[in-house]
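Student:
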Amino acid sequence: MTSKLQKNFYLRDDVVGISRELLGKVLCAKTNGGLTKTIITETEAYAGEIDKASHAYGGKRTKRTEPMFGEGGIAYVYLCYGIHHLFNVVTNKAGSPHAVLIRGGKPLSGTDLMLKRRKKTVVDKSLLGGPGSLARALGITTENTGTSLIGGSIWIEDHGIVIDDDAVTAGPRVGVDYAGADAELPYRFIAKGVQ
DNA sequence: CGAATGATATACT
DNA sequence: GTATATCATTCGA
1290 MTSKLQKNFY LRDDVVGISR ELLGKVLCAK TNGGLTKTII TETEAYAGEI
1340 DKASHAYGGK RTKRTEPMFG EGGIAYVYLC YGIHHLFNVV TNKAGSPHAV
1390 LIRGGKPLSG TDLMLKRRKK TVVDKSLLGG PGSLARALGI TTENTGTSLI
1440 GGSIWIEDHG IVIDDDAVTA GPRVGVDYAG ADAELPYRFI AKGVQ
């Protein structure tokens, strides 16, 4: 059974709960003429204005973070360190800059295309190991920021994969040391045994 | 462990 | 309008 996640999934105000539920879901991207699918195994929640690690902390609204302030159900893609594209799913209603960063996944379909984009020949965990690599393998770029996840070229499917609570690790986020105490929040979710 | 690399935010003139 | 500091990272040594 497969079904595409609908808008009401993204509109809830529990961004941490959504991050947890996205584990095991399938991220699909039809970019550059090719279709790729990946099972989401690692996510991170960014709780907008109350979260120092978020670009939108304190309700800061800029041209770059604009998509996060929009309605849930769209993509927010940001170029980080001049090299890496990071893919986020915007959640909550318009005006609440919540988002879920997709940090890792496992190839499901379109593997050849991912290998080609990463210039690799074998599938290993470095293919989708990390937010920058994952976005590159899926062909996601900043061009895709603001794209709708309902009816756009990027969407998320539910394949009926259930990740048991025992298989979920919640922990502090990485790479956000500058956020001080907020970097310690257990907003990071990893699905064990799927990777 | 350290460099690469470029858009963006912020603080200036 | 122009300048500089900073970054939700990765790869290679």
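Sequential numbering of the first sequence, starting at 1290, is according to our numbering. We put the CB at the ideal spot given by N, CA and C, even for glycine.
1) Tell me which residues share the same chain as LEU1397 and place their Cβ nearer than 7 Å to its Cβ, disregarding the 5 neighbours each side in the sequence.
2) Can you have a look at GLY1399 and say buried or exposed, based on whether 16 or more other CB atoms are within 10 angstroms of its CB?
3) Specify, as a first and last residue, the run of the alpha helix (DSSP H) that ASN1297 falls within.
4) What residues match up with PRO1396 in a beta bridge as DSSP calls it?
5) Which one of GLY1482, LEU1427, ARG1477 has the shortest CA to CA distance from SER1308?
6) For GLY1428, count neighbouring C-beta atoms within 10 Å of its own C-beta (all shown protein chains included) and say buried if the count is 16 or more, exposed if not.
7) Any idea which residues DSSP pairs PHE1376 with across the strands?
8) Does the pairing of the region 1403-1422 with the region 1336-1345 give three or more beta-carbon distances under 8 Å?
9) Could you tell me if PRO1475 is buried or exposed, where buried requires 16 or more neighbouring beta carbons within 10 angstroms of its beta carbon?
10) With DSSP as the reference, label GLY1441 as helix, strand or coil.
11) If you compare alpha carbons, which of LEU1294, PHE1298, LEU1312 is closest to ALA1560?
12) ASP1340: buried (16+ other C-beta within 10 angstroms of its C-beta) or exposed?
13) Going straight from the alpha carbon of THR1291 to that of GLU1473, what length do you get?
Tutor: The short version:
1) Within the first sequence, residue 1397 is the residue found at index 108, counting from 1. Cβ neighbours of LEU1397 beyond the five flanking positions: VAL1315, LYS1326, THR1327, ILE1328.
2) In the first sequence, residue 1399 corresponds to position 110, counting from 1. Flag for GLY1399 reads buried.
3) The residue you call residue 1297 lines up with position 8 of the first sequence. In the DSSP assignment, ASN1297 falls within the unbroken alpha helix (DSSP H) covering 1296-1299.
4) Your numbering for residue 1396 matches position 107 in the first sequence. The partner list for PRO1396 (beta bridge, DSSP) reads THR1327.
5) To locate residue 1308, count along the first sequence from 1; it is residue 19. Of the candidates GLY1482, LEU1427, ARG1477, the one whose C-alpha sits nearest the C-alpha of SER1308 is ARG1477.
6) Counting from one through the first sequence, the residue named residue 1428 turns up at place 139. GLY1428 comes out buried.
7) Along the first sequence, read from residue 1 onward, the residue named residue 1376 stands at position 87. In the DSSP assignment, the residues bridged to PHE1376 are VAL1366.
8) no
9) Position 186 of the first sequence, counted from the start, is the residue given in the question as residue 1475. Result: exposed.
10) Here residue 1441 corresponds to residue number 152 of the first sequence, with the count starting at 1. Residue state for GLY1441 is assigned as coil, using DSSP reduced to three classes.
11) Given that the chain is displayed from residue 1290 to residue 1484, the structure contains no residue 1560 and the question cannot be resolved.
12) As a position in the first sequence, residue 1340 is number 51, starting the count at 1. Looking at its Cβ environment, which holds 16 or more other Cβ atoms inside 10 Å, ASP1340 is buried.
13) Taking the first residue of the first sequence as 1, we reach residue 1291 at position 2. Taking the first residue of the first sequence as 1, we reach residue 1473 at position 184. Whole-angstrom Cα-Cα distance: 35 Å.
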